[in-house]
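If you want my numbering, it's the 1-based position in the sequence shown plus 1142.
Just so you know, even glycine gets a beta-carbon here, dropped at the ideal spot from N, CA and C.
Here is the structure we will look at, set down as structure tokens.
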Amino acid sequence: FNQPCMDYNDLMKLTKILTNNNWDDIDNMYRRMCFNVYAHNRDDHAKNFTYIYDEENETWRLSPAYDLTYSNTYYGEHTTTVAGNGRNPGIKELTEVGVNAGLKNNIVKR
């Protein structure tokens, strides 16, 4: 039996903590979530979100995106839910995650 393993709200919080509120990375994570929803990439499991440590600056950064492709899971849900919705997330859930992360309305609604 499979079910979603995490939520984008958690990924946004993790990104904020690890990157010390680097808004470029937070915005990038939000864009990935939106892409995965609109491109129907439901294979958005935990191993597809990683961070890179910059030794010179002693900071964590969101890694470049990878494994972005149209994908249906055999159980019909996103592996990472969007505000608790894995089956059919839409603008309501995307907006909720963005607002919860502290993104400005003009960024969330673009």
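For the pair residue 1146 and residue 1240, the CB atoms are not nearer than the 8 Å cut-off. Of the candidates 1167, 1237 and 1244, 1167 places its Cα closest to the Cα of residue 1201.
Under DSSP, residue 1202 takes part in a beta bridge, and its partners are 1195.
Distances from the alpha-carbon of residue 1157 to those of 1181, 1196, 1204 and 1179 put 1204 closest.
When the Cα atoms are used, residue 1151 and residue 1243 turn out to be separated by approximately 7 Å.
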